[in-house]
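**Student:** My questions all concern the structure below.
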Amino acid sequence: MNPAMQAIRSGFRRGRMELRHTFTNGQDVMGYLVPPVILAVVMLFMRGATVPGTGFSLSARTLPGAVGMGIAFVGMAALAGMLVVEREDGTLLRAKAIPHGMTGYLIGKIVLVSGMTLIGIFLQLAPALLVLDGLTLTGPGAATMVWVFVLGMMATMPIGAMLGSLFSNPQNMGLIMLPLMGLIGISGIFYPITNFPIWLQWIAQTFPVYWLGLGTRSALLPGDMAAVEIGHSWRHLETAAVLGIWAAIGLVLAPFVLRRMARRESGSAVDARRQKAMQRVR
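Reading the sequence shown from the start, the letters are residues 1 to 282 in the UniProt record's numbering.
Written out as structure tokens, the structure is:
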């Protein structure tokens, strides 16, 4: 068999095994359960509020955007965190030592992160579709959710891979998390973006988080709720275009950044990071 194809198959197997392993790891299980619980608490506090200018529940309007936020968050922050941790413990160095090992490693991470994201979406949507009025996921909405998810993962995972390549210390993850949380705050996830200053709206529209929130809202909300969006439209073409541009940029830059990072990996570098990690524990 072609070595590259063997690496791809190995990557898929690795990704499936790591995804199954998440169900046996208490920390991973909490990672699945805590976000839906937090979201449920937020929805509870919003239960009496309505979208300004309408009688539609703000809870029902917020949840689809939170699903889009989850796609962005896992695609960027979770993948970046995995790369940082596995650089420190030597996993990346071992992958680099195997022919086409980095290809298999990255495919495994794509399978793992995509699977984790789908599980998170299910845990958020399953109860919400039963409890919140106005949410549906049938017909065109389901098709929209599929292409938004695929483009969203393609747009965010390369960003996560590049961010993970820039840091070698898990303690530096705050440098990723803080800007991401700020971006989520201005992207209209929890409150209509049209109530923000125009300059802030333009900044939010530059990044994938806003468009993922808009895309998931268009999939789950009634058509008339587009009235509270920019341009009073779901802007599907713009959503596909912006996410596609981010995906194209990421797919061009990420391999270069990852190859550069992999070239710098060595036994001495891993050992130095391990010694620093042991000092932190002490």
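Note that beta-carbon positions come from the ideal geometry of N, C-alpha and C, so glycine has one too.
Where Leu132 and Thr194 are concerned, what is the direct C-alpha to C-alpha distance, given to the nearest angstrom?
**Tutor:** As a working note, residue 132 is residue 132 in the sequence shown. As a working note, residue 194 is residue 194 in the sequence shown. Taking the straight line joining both Cα atoms gives about 23 Å.
**Student:** What whole-angstrom Cβ distance do Met162 and Val257 have, given they're in contact under 8 Å?
**Tutor:** If you number the sequence shown from 1, residue 162 lands on position 162. If you number the sequence shown from 1, residue 257 lands on position 257. With 8 Å as the limit, Met162 and Val257 qualify as a contact, their Cβ atoms being about 5 Å apart.
**Student:** Is Thr136 buried or exposed, if buried means 16 or more other CB atoms sit within 10 Å of its CB?
**Tutor:** The residue labelled residue 136 in the question sits at position 136 within the sequence shown. Looking at its Cβ environment, which holds fewer than 16 other Cβ atoms inside 10 Å, Thr136 is exposed.
**Student:** From Phe73, Phe122, Gly160 and Thr103, pick the residue whose C-alpha is nearest to that of Ile8; which is it?
**Tutor:** Here residue 8 corresponds to residue number 8 of the sequence shown, with the count starting at 1. Among Phe73, Phe122, Gly160 and Thr103, the Cα nearest to that of Ile8 is on Thr103.
**Student:** In chain order, what residues of the same chain lie with their CB nearer than 6 Å to the CB of residue 285, ignoring the 5 residues before and after it?
**Tutor:** Any property of residue 285 remains undetermined from this structure, which presents the chain solely from 1 to 282.
**Student:** Flag this pair as yes or no: are the beta carbons of Pro255 and His100 separated by less than 8 Å?
**Tutor:** Sequence index remark: in the sequence shown, residue 255 carries index 255 (1-based). Sequence index remark: in the sequence shown, residue 100 carries index 100 (1-based). Result no, Cβ atoms of Pro255 and His100 do not sit closer than 8 Å.
**Student:** Below 8 Å, can you find three or more Cβ-Cβ pairs linking the region 238-247 to the region 69-79?
**Tutor:** Touching, no.
**Student:** Considering only residues of the same chain and omitting the five flanking positions on each side of Ser10, which have a CB-CB separation below 7 Å?
**Tutor:** If you number the sequence shown from 1, residue 10 lands on position 10. Around Ser10: Gly104.
**Student:** Which residue spans inside the region 158-185 form an unbroken alpha helix (DSSP H) run of at least 4?
**Tutor:** Segments of the alpha helix (DSSP H) lying fully in the region 158-185: there are none.
**Student:** Give the single residue among Ala128, Leu237, Leu83 and Gly215 whose Cα lies nearest to the Cα of Val41.
**Tutor:** By 1-based counting over the sequence shown, the position of residue 41 is 41. For Val41, the nearest C-alpha among the options comes from Ala128.
**Student:** Run the CB neighbour count on Ala247, radius 10 Å, all protein chains shown included, and call it buried at 16 or more, exposed below.
**Tutor:** Residue mapping note: residue 247 aligns to position 247 of the sequence shown, counting from 1. The residue is buried, with at least 16 neighbouring Cβ atoms inside 10 Å.
**Student:** Just tell me which of Ala155, Leu220 and Thr216 has its CA closest to the CA of Phe207.
**Tutor:** Translated into the one-based positions of the sequence shown, residue 207 becomes position 207. Nearest of Ala155, Leu220 and Thr216 to Phe207, Cα basis: Ala155.
**Student:** Which residue's Cα is closest to the Cα of Arg264: Met5, Leu92, Leu125 and His21?
**Tutor:** Position 264 of the sequence shown, counted from the start, is the residue given in the question as residue 264. Of the candidates Met5, Leu92, Leu125 and His21, the one whose C-alpha sits nearest the C-alpha of Arg264 is Leu92.
**Student:** Quick check: the Cα distance between Arg259 and Arg61, rounded to an integer number of angstroms?
**Tutor:** Taking the sequence shown and counting its residues from 1, the one referred to as residue 259 is at position 259. Taking the sequence shown and counting its residues from 1, the one referred to as residue 61 is at position 61. Taking the straight line from one Cα to the other gives about 42 Å.
**Student:** Take Gly26 and list the residues in its own chain whose beta-carbon comes closer than 6 Å to its own, dropping the five residues that flank it on each side.
**Tutor:** Residue 26 sits at position 26 when you count from the first residue of the sequence shown. Once the five neighbours on either side are set aside, Gly26 has no close Cβ partner at all.
**Student:** Is the beta carbon of Gly120 sitting closer than 8 Å to the one on Glu18?
**Tutor:** Along the sequence shown, read from residue 1 onward, the residue named residue 120 stands at position 120. Along the sequence shown, read from residue 1 onward, the residue named residue 18 stands at position 18. No, the pair does not count as a contact, with Cβ atoms beyond the cut-off.
**Student:** Between the Cα of Gln205 and those of Ala219, Leu221 and Gly188, spot the shortest distance and give me the residue it belongs to.
**Tutor:** On the sequence shown, residue 205 is found 205 positions in, with the first residue counted as 1. It is Gly188 whose Cα lies nearest to the Cα of Gln205.
**Student:** For Val50, does the three-state DSSP call read helix, strand or coil?
**Tutor:** As a first step, residue 50 must be located in the sequence shown, where it is residue number 50. According to the sequence as given, residue 50 is Thr; it is not Val. Of the three classes helix, strand and coil, the one that applies to Thr50 here is strand, per DSSP.
**Student:** Is it the case that the Cβ atoms of residue 283 and Gln124 are separated by a distance below 8 Å?
**Tutor:** Because the chain in this structure spans residues 1 to 282, residue 283 falls outside the shown range and cannot be described.
**Student:** Roughly how many whole angstroms lie between the Cα atoms of Val111 and Arg14?
**Tutor:** As a working note, residue 111 is residue 111 in the sequence shown. As a working note, residue 14 is residue 14 in the sequence shown. Cα to Cα, the separation comes out at about 8 Å.
**Student:** Residues in its own chain within less than 7 Å of Leu58 by CB, not counting five upstream and five downstream?
**Tutor:** Numbered from 1 along the sequence shown, position 58 holds the residue referred to as residue 58. Met46, Ala49, Thr50 and Val51, listed in sequence order.
**Student:** What's the C-alpha gap between Leu83 and Gly53?
**Tutor:** The residue you call residue 83 lines up with position 83 of the sequence shown. The residue you call residue 53 lines up with position 53 of the sequence shown. Approximately 45 Å, taken between the alpha carbons.
**Student:** So, are the CB atoms of Met261 and Ser165 less than 8 Å apart?
**Tutor:** Within the sequence shown, residue 261 is the residue found at index 261, counting from 1. Within the sequence shown, residue 165 is the residue found at index 165, counting from 1. Result yes, Cβ atoms of Met261 and Ser165 sit closer than 8 Å.
**Student:** How far does the alpha helix (DSSP H) with Phe256 in it extend, from its first residue to its last?
**Tutor:** To locate residue 256, count along the sequence shown from 1; it is residue 256. Element bounds for Phe256: His236 to Arg264.
**Student:** Based on DSSP bridge pairs, tell me the residues matched to Ser57.
**Tutor:** Within the sequence shown, residue 57 is the residue found at index 57, counting from 1. Looking at the DSSP assignment, Ser57 forms a beta bridge with Thr50.
**Student:** Trp202: buried (16+ other C-beta within 10 angstroms of its C-beta) or exposed?
**Tutor:** Residue numbering aside, residue 202 sits at position 202 when the sequence shown is read from its first letter. Trp202 is exposed by the Cβ-count criterion.
**Student:** Does DSSP classify Asn195 as helix, strand or coil?
**Tutor:** If you number the sequence shown from 1, residue 195 lands on position 195. In the structure shown, Asn195 sits in a helix (DSSP, three-state: H, G or I).
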